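The C-terminal residue of the sequence shown carries number 206 in this note's numbering, and the numbering is unbroken.
All C-beta atoms in this analysis are idealised placements derived from N, C-alpha and C, irrespective of residue type, glycine included.
Note that this is a predicted model, so its numbers are computed, not measured.
Below you'll find the structure, written out as structure tokens, and then a few comments.
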Amino acid sequence: MKVIGFNGSARPQGNTYTLLEQVAEPLREKGIDVEIVHVGNAVMGCKACGICGKTKNEQCSIDDSLNGWIQSAKKADGILLGSPVYFSGIAGGMKAFLDRMFYVSGSNGNLFRHKVGASVVAVRRSGGVTTFDQLNHYLLYSEMLIPGSNYWNVGHGAARGEVAQDLEGGQIMKVLGENMAWLLQVVAAGKESVVMPEQRQKMYMNFIR
């Protein structure tokens, strides 16, 4: 089994990366391969062209690193999302990445449905829970399976590497990794014996009449 983690920090090996690695450690102990990809500011935002919904080739019309990452996420059994906090929200580069990747997924039959997914947040002081909530919106919208921990998945630290001093945060990440590994194994074991729910054609409705 494999989990792919997306690091949405501008710093390749800052506090967000440290948290992702803390989650990855118990996963690797269970024999699950973990790859952490640095997203940073590598992609631009969605330009609302709608082409991915017309071509349905699992590709974004913008030619950058995103399309390769979409396929890596599609092949993975689990997805980890990590972001620092920018003004009580997801970092801009990560937001651009998530909007495009999950829009392509939704336009192509929901590529990440029933994958195991989790999110983690690095924060200096406050805004961690609101950012955690925003990241989880992508997972929940995609019908992904989300393991919990013994608190919200937020680690505190200002200077690079300082989040490692947050002992409670470290335990949260460890428990998350253990629960994610367990859920991945449960899903794998149940595929042969439990019938997956039918995938519904999504209904769209607005309130302008």
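Start and end residues, alpha helix (DSSP H) containing residue i
i, result
"K71", "L63 to K72"
"V101", "G89 to S104"
"L142", "Here L142 belongs to no alpha helix (DSSP H), and DSSP marks it neither H nor E."
"E175", "L164 to G187"
"C49", "I48 to T52"
Opening and closing residue of the beta strand (DSSP E) in which residue i lies
i, result
"I29", "Neither: I29 is in no beta strand (DSSP E) and is coded neither H nor E."
"H111", "No beta strand (DSSP E) holds H111; DSSP gives it neither H nor E."
"L136", "No beta strand (DSSP E) holds L136; the alpha helix (DSSP H) holding it covers G125 to Y138."
Spatial distance of residue i from residue j (CA atoms)
i, j, result
"V31", "N38", "22 Å"
"L24", "A178", "5 Å"
"G114", "K71", "12 Å"
"D60", "V120", "32 Å"
"K92", "G154", "21 Å"
"D96", "N107", "14 Å"
"G152", "H134", "19 Å"
"I169", "I205", "44 Å"
"E165", "V172", "11 Å"
"V191", "R110", "16 Å"
"F129", "N54", "30 Å"
"T52", "A161", "45 Å"
"V101", "Q56", "7 Å"
"L136", "I143", "8 Å"
Cβ-Cβ separation, residue j to residue i (assumed contact under 8 Å), whole Å
i, j, result
"G79", "L16", "6 Å"
"G174", "E22", "6 Å"
"S104", "G50", "4 Å"
DSSP beta-bridge partners of residue i
i, result
"G79", "N4 and V117"
"G152", "A119"
"K(-1)", "D30"
"G86", "Y83"
Sub-8 Å separation of residue i and residue j beta-carbons
i, j, result
"K112", "M141", "yes"
"R8", "R157", "yes"
"I67", "L132", "no"
"I33", "G2", "yes"
"I48", "S62", "no"
"V183", "N150", "no"
"G75", "V0", "yes"
"G124", "S85", "yes"
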